[in-house]
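Take a look at the structure below.
Number of protein chains: 2
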Amino acid sequence: MTRLVELEANGPRKLEPADIDDEKGDIAVCQCGLSDEFPFCDGSHRRTRDEDEGTTYVYADGERREVERVVTTDDADE
Amino acid sequence: MTRLVELEANGPRKLEPADIDDEKGDIAVCQCGLSDEFPFCDGSHRRTRDEDEGTTYVYADGERREVERVVTTDDADE
Chain A
9 MTRLVELEAN GPRKLEPADI DDEKGDIAVC QCGLSDEFPF CDGSHRRTRD EDEGTTYVYA
69 DGERREVERV VTTDDADE
Chain B
9 MTRLVELEAN GPRKLEPADI DDEKGDIAVC QCGLSDEFPF CDGSHRRTRD EDEGTTYVYA
69 DGERREVERV VTTDDADE
């Protein structure tokens with residue numbers, strides 16, 4: 009029930025009072041990492057609701073796959 | 009200059025006006041994915057400042073590694 013997401017920004021987004029949704033009185037910040045409007049929620053977390061405990065996923069091209077391992081360039085066995 | 013981060017939450021964090029830092033007048037939301045206080049910024053993005061263009065990284069155990077590829081359980085060649 010975790011997922012690997014690819015992020016690019018290397019600095020925070022500063023939210024100000026004006027960013028709060030006037031009607032709702034709050035603003036939903038993405039924590040699943042899948043939002044197309046990251047760091048804001050776009051409802052994409054619904055795709056994660058049936059993730060299995062103990063499994064790590066990647067989401068790409070509209071599909072979800074289970075991660076076996078991440079290979080890094082310094083892995084001695086590759 | 010991207011990185012793979014592992015996220016677990018499967019729902020957004022609702023921020024309200026009370027979450028805004030009174031002194032600063034804003035709140036910094038993490039976009040690098042490395043913050044220990046995710047979804048809030050803790051300054052961890054400073055570690056990403058010297059990432060190379062065109063390279064994807066993983067950060068773990070205080071170290072940074074370059075990602076070669078992500079192997080999924082359905083990869084035919086594994």
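Taken in sequence, the protein lines are chains A and B. Under the numbering used here, think of the first position of the first sequence as 9, with each following residue one higher. Under the numbering used here, think of the first position of the second sequence as 9, with each following residue one higher. C-beta: ideal position from N, C-alpha, C; glycine also. None of these values were measured; they are calculated from a predicted model.
Proximal chain A residues relative to residue i, where beta-carbon distance stays under 8 Å
i, result
"D82 of chain B", "R73, E74"
"G19 of chain B", "Q39, C40, H53"
"E45 of chain B", "Near E45 of chain B there are no residues of chain A at all, since even the closest Cβ is about 11 Å away, more than 8 Å."
Proximity to residue i [Cα-Cα], best of the options
i, options, result
"V75 of chain A", "A:E31, A:F48, A:T63", "A:T63"
"R72 of chain A", "A:T81, A:D83, A:H53, A:T80", "A:H53"
"N18 of chain B", "A:Q39, A:F48, A:E61", "A:Q39"
"A68 of chain B", "A:V78, A:M9, A:K32", "A:V78"
"T80 of chain B", "A:D50, A:V66, A:P20, A:E24", "A:V66"
"P9 of chain B", "B:D27, B:E31, B:E59", "Note that residue 9 of chain B is Met in the sequence shown, not Pro. Ranking B:D27, B:E31, B:E59 by Cα distance to M9 of chain B puts B:E59 first."
Reduced DSSP secondary structure (H/G/I, E/B, other) of residue i
i, result
"R17 of chain A", "The amino acid occupying residue 17 of chain A in the given sequence is Ala; Arg does not appear at that position. The answer is coil: DSSP assigns A17 of chain A none of H, G, I, E or B."
"R72 of chain B", "strand"
"R54 of chain A", "helix"
"C49 of chain B", "coil"
Short Cβ contact (8 Å threshold) for residue i with residue j
i, j, result
"V37 of chain A", "V13 of chain B", "no"
"L15 of chain A", "R11 of chain B", "yes"
"I35 of chain A", "D29 of chain A", "yes"
"G33 of chain B", "E24 of chain A", "yes"
Contact list for residue i against chain B, beta-carbon separation under 7 Å
i, result
"D34 of chain A", "K22, L23, E24"
Within chain B, partners of residue i - CB distance below 8 Å
i, result
"E59 of chain A", "N18"
"E31 of chain A", "Those do not exist, as E31 of chain A stays about 13 Å from chain B at its closest Cβ, beyond 8 Å."
Anticipated Cβ contact below 8 Å, residue i with residue j, distance rounded
i, j, result
"C49 of chain A", "P47 of chain B", "At roughly 10 Å, the Cβ-Cβ gap does not stay under 8 Å, so C49 of chain A and P47 of chain B are not in contact."
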